[in-house]
Every structure is written in C-alpha cells, then in structure tokens.
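Accompanying notes for the structure given below.
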C-alpha cells in the first residue's frame, strides 16, 4: 500500500464545475504540500499546510490531521487548470527533509 | 521569485555513456534534490544535498551519483547510462529553516532523458 494515495487518478470536468481532488496518507506528517504540474513538466507549489484550510484565488486546500486526509478544491474551473495535481507529505519519521509524493491526479477541464 | 534552472529540457544519449544533468538555483538555498518521475510511480528521490560537498542517498540512488561543489549548483551523474534510466528528471531546492523543516521545495522544468 502506498503511503500517499490520491483519488481520482484521472478527472475530466466541464468549464465552471467545482472540482475536488483527495489525498490520504498513512504516515504521521509534519506538513502536506499540494503541487501542480503542467504539460511539459514544470512543477509549481500551490499550498503547504499542516492544519485547517488555506485559500488562494479559486483554490482551496483543507487538511484533517485526525483522518489523515486532505482535499484540494477548485472553484469555477477553467481549461487553464488542466494539469496534474500532486499531493506530497513531509513525514515525521522520514529522513532529513524527505518528502513522500502521491501518484498525482490528472485533471482535464473542457471548455 | 525562486528560479531553478535545469540545463536541458530534452536529452538523448546512448547506453554506456556518462551523462551529466545540471541544476542551478539563484536563491541561496541550502537544500537541493534530484527526482525522477515515471508514469504510475510519481516522483522518487534519487539524491539530495543539504550543503556544499554534502550528499545523502534518496530512495533510488543505484546507478546515479551527484556533485555539489558550489551552493547554487547540483549535478546528477549517470556513470554508465542504461535504458531503464530513460525518465523525466526534476531538480528542486528549498531553504533550510532551523525552526522547521517545512520549507516548500521549488522545482525546475525538468529534463526528459532518453537512453537509446
């Protein structure tokens, strides 16, 4: 069983839809990171959070430490949101600054 | 803004060749990382470095080595390239914070390496 899992693996949405991507993990963590990777490879950091909720524009990230679960929400989705979204955790028992990455969720937003 | 620059976006080499992938960051970050990304496997850590001339093995160091002679530059070396090293390679850097290790990693655009 992977230490970090994401669902769904692939997601297709119509422009304007509300989107939720889920991340669950099995290790104790000190922080969770949501990343966005566009076609072509570049990875951009979206959020880093260790509790509660963070919001940036149309993106909202939440985390429930007790349930070991995080969600990334996109409101009013747009074709430019099409990308792979990756959840990553900094485990408490991992070696120095090691991060465990989820497999990614591939999102396609259709006009 | 942090800039992490990888020397090549696409690279094609032959089996047995010695391959160098270069990464440079411009924000004086202590930590630098090399990952490979393969379909279905996500990002896997090859090596990381938390200071000049310091290196630590990640999850999949076999077949790779690294060099950190200057703080801003972290090189990944494939001593004798093999076809199973065909992959996307991503470099990242982060600040070392003595109060918390939770500084975000900043990624380069990746190098898509093909070994023929």
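Protein chains in written order, with my numbering: chain A, 2 to 112; chain B, 418 to 533. Where is the CB? At the ideal position from N, CA and C, for every residue including glycine.
Can you give the Cα-Cα distance for residue i and residue j, rounded to whole angstroms?
i, j, result
"residue 52 of chain A", "residue 72 of chain A", "12 Å"
"residue 458 of chain B", "residue 451 of chain B", "15 Å"
"residue 488 of chain B", "residue 16 of chain A", "44 Å"
"residue 501 of chain B", "residue 431 of chain B", "12 Å"
"residue 468 of chain B", "residue 448 of chain B", "7 Å"
"residue 112 of chain A", "residue 80 of chain A", "6 Å"
"residue 27 of chain A", "residue 433 of chain B", "40 Å"
Determine, for residue i, whether the minimum Cβ-Cβ distance to residues of chain B falls below 8 Å.
i, result
"residue 104 of chain A", "yes"
"residue 109 of chain A", "no"
"residue 44 of chain A", "yes"
"residue 79 of chain A", "no"
"residue 57 of chain A", "no"
"residue 28 of chain A", "no"
"residue 100 of chain A", "yes"
According to DSSP, simplified to helix, strand and coil, what is residue i?
i, result
"residue 445 of chain B", "coil"
"residue 76 of chain A", "coil"
"residue 476 of chain B", "coil"
"residue 502 of chain B", "helix"
"residue 468 of chain B", "strand"
"residue 82 of chain A", "helix"
"residue 19 of chain A", "coil"
Please return the same chain residues whose Cβ sits closer than 6 Å to the Cβ of residue i, not counting the five positions on each side in sequence.
i, result
"residue 32 of chain A", "49, 51, 91"
"residue 19 of chain A", "76"
Please check if any C-beta of chain A sits within less than 8 Å of the C-beta of residue i.
i, result
"residue 480 of chain B", "no"
"residue 468 of chain B", "no"
"residue 449 of chain B", "no"
"residue 428 of chain B", "no"
"residue 495 of chain B", "no"
"residue 457 of chain B", "yes"
"residue 444 of chain B", "no"
"residue 437 of chain B", "no"
"residue 524 of chain B", "yes"
Between residue i and the rest of its own chain, which residues show a CB-CB distance below 7 Å, the 5 nearest in sequence each way excluded?
i, result
"residue 35 of chain A", "47, 48, 62, 73, 86, 88"
"residue 521 of chain B", "511"
"residue 437 of chain B", "492, 494"
"residue 516 of chain B", "Residue placement at residue 516 of chain B is flagged as unreliable, the pLDDT there being 49, under the threshold of 50; a coordinate-derived value is accordingly withheld."
Throw me the rounded Cβ distance for the residue i and residue j pair, which I believe falls under 8 Å.
i, j, result
"residue 464 of chain B", "residue 480 of chain B", "Residue 464 of chain B to residue 480 of chain B, Cβ: 11 Å. No contact."
Ignore the nearest five residues each way along the sequence and tell me which others in residue i's own chain have a CB closer than 8 Å to its CB.
i, result
"residue 435 of chain B", "494, 495, 496, 497, 498"
"residue 426 of chain B", "526, 527, 528, 529"
"residue 524 of chain B", "421, 507, 508, 509"
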